[in-house]
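Okay, here's the thing in structure tokens:
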């Protein structure tokens, strides 16, 4: 695969071929201002690293959901390692809780992530993986992006994210952050109680507020009107409950493009932490390289319209299609519990691994 796919519940964007590549997203912004018809691709978790952005030869944006053809059977896929191990992840969370409980340092929240590596008996096709993800998660934003422009030749980022970073249509801007999570339960009554537990959780509501406050602070200067609901919403996926807040604004003229808005907001505290700069430094110092996990995937056209989603519930598929690495993370605050945080990442990993037939494993 050498193209781009972003399938949302109400639309599908596809791109093929390469006219120009951009590792620096601001060069892509300049190209759009200069008349480039469209930009597609991905921005890494650490915005200081190389992006995988493309001016494609062919670009299509169609209304309605993606309806893949019949799904071929997947080869056997086996988990071969976890980075870090479950025990080490609990230890990392415990250390973070100690740091965050100290009122002296500026850190108030850090997103701690872990990954699972798996191998397949025969090569996996990224479009087939995306189709399996869509079948399991029809309300998600399903994507497959070639990472070659960033120097990761032939590798593909695939995922099914529930979170929209930013969408721009004309002067209208929409952001829908998700932060604060609990795993879903199989019993309907217990699952409903779990949702209410999340809605009333002081820890999770505080974690969510960090994100909403950050986005509001960033968007206010570029909007003539910004509507931020006072109450959070419960958002469900197949595997987890989230707290979400739909934020709507009207942009000032001249309005920044969807790509510029994505760069203004990324990385949010939902994937990084608070304060952002210090959290980013902590993560890049103490964790394995996240690559494009927690980054942004999307598109922008020459009129500035476009959509960027948060690259969570995602995996990097190797160029030969025989191995993949999936990530999941959770926001750590002073009130976090290490075992609960491990359970949260396990449930989030199941979004992708479950679609591939890999059973959920709890420690």
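Residue numbers (UniProt numbering): 1 to 363. Glycine is no exception: its CB is placed at the ideal position from the N, C-alpha and C atoms.
- With respect to residue 119, residue 323 sits close: the two C-beta atoms are nearer than 8 Å.
- Residue 261 sits close to residue 166, with the two beta carbons spaced by under 8 Å.
- For residue 141 against residue 238, the beta-carbon gap comes to about 14 Å, at or over 8 Å, which does not count as contact.
- Comparing alpha-carbon positions, the option among 356, 345, 332 and 359 lying closest to residue 115 turns out to be 345.
- In the three-state reduction of the DSSP assignment, residue 164 falls in the strand class, which pools E and B.
- Two segments are said to touch when three or more pairs of C-beta atoms, one from each, lie closer than 8 Å; by this definition the stretch 211-222 touches the stretch 247-267.
- Per DSSP, the unbroken beta strand (DSSP E) holding residue 249 starts and ends at 247-251.
- If you draw a straight line from the Cα of residue 16 to the Cα of residue 54, it comes to about 10 Å.
- One thing to note: residue 92 has its Cβ no nearer than 8 Å to the Cβ of residue 210.
- Proximity to residue 39 across 14, 300 and 187 peaks at 300, based on C-alpha coordinates.
- Taking 4 residues as the minimum length, the alpha helix (DSSP H) runs contained wholly in the stretch 45-127 are 86-101, in order along the chain.
- Under the three-pair Cβ rule at 8 Å, the stretch 275-292 counts as touching the stretch 43-50.
- Annotation: the continuous beta strand (DSSP E) that includes residue 176 extends over 172-176.
- Taken through DSSP and simplified to helix, strand or coil, residue 149 comes out as helix.
- In this structure, residue 177 lies near residue 268, with their beta-carbon atoms less than 8 Å apart.
- Beta bridge pairing from DSSP links residue 183 with 240.
- The shortest CA-to-CA distance from residue 111 to any of 350, 356, 336 and 358 is the one to 336.
- Residue 215 sits in a helix when the DSSP states are folded into three classes.
- Take residue 327, set aside five residues on each side of it, and the residues of its chain with a beta-carbon closer than 6 Å to its own are 113, 115 and 293, in chain order.
- When only Cα atoms are considered, residue 84 and residue 318 end up about 20 Å apart.
- Going by DSSP, residue 199 is part of no beta strand (DSSP E) but of the alpha helix (DSSP H) stretching over 188-199.
- Assignment of residue 283 by DSSP, reduced to helix, strand and coil, places it in the helix class.
- The DSSP-derived three-state label of residue 139 is coil.
- Burial check for residue 35: the Cβ neighbour count within 10 Å stays below 16, so the residue is exposed.
- In the structure shown, residue 2 adopts coil according to DSSP, grouped into three states.
- As the crow flies, the alpha-carbon of residue 90 is around 8 Å from that of residue 341.
- The three-state secondary structure of residue 271, taken from DSSP, is coil.
- Setting aside the 5 residues that flank it on each side, residue 11 is surrounded in the same chain by 63, each with a C-beta closer than 6 Å to its C-beta; the list follows chain order.
- A Cβ-Cβ separation of about 6 Å places residue 208 in contact with residue 232 under the 8 Å criterion.
- The three-state secondary structure of residue 29, taken from DSSP, is helix.
- Under the three-state reduction of DSSP output, residue 36 falls in the coil class, being neither helix nor strand.
- Separation of residue 31 and residue 172 (C-alpha to C-alpha, rounded to the nearest whole angstrom) is 22 Å.
- Between residue 95 and the set 287, 187 and 190, the nearest pair of CA atoms involves 287.
- Annotation for residue 351: the continuous alpha helix (DSSP H) segment containing it runs 338-353.
- Using a Cβ distance threshold of 8 Å, residue 157 and residue 316 count as a contacting pair.
- Pairing residue 52 with residue 37 gives a Cβ-Cβ distance that is not under 8 Å.
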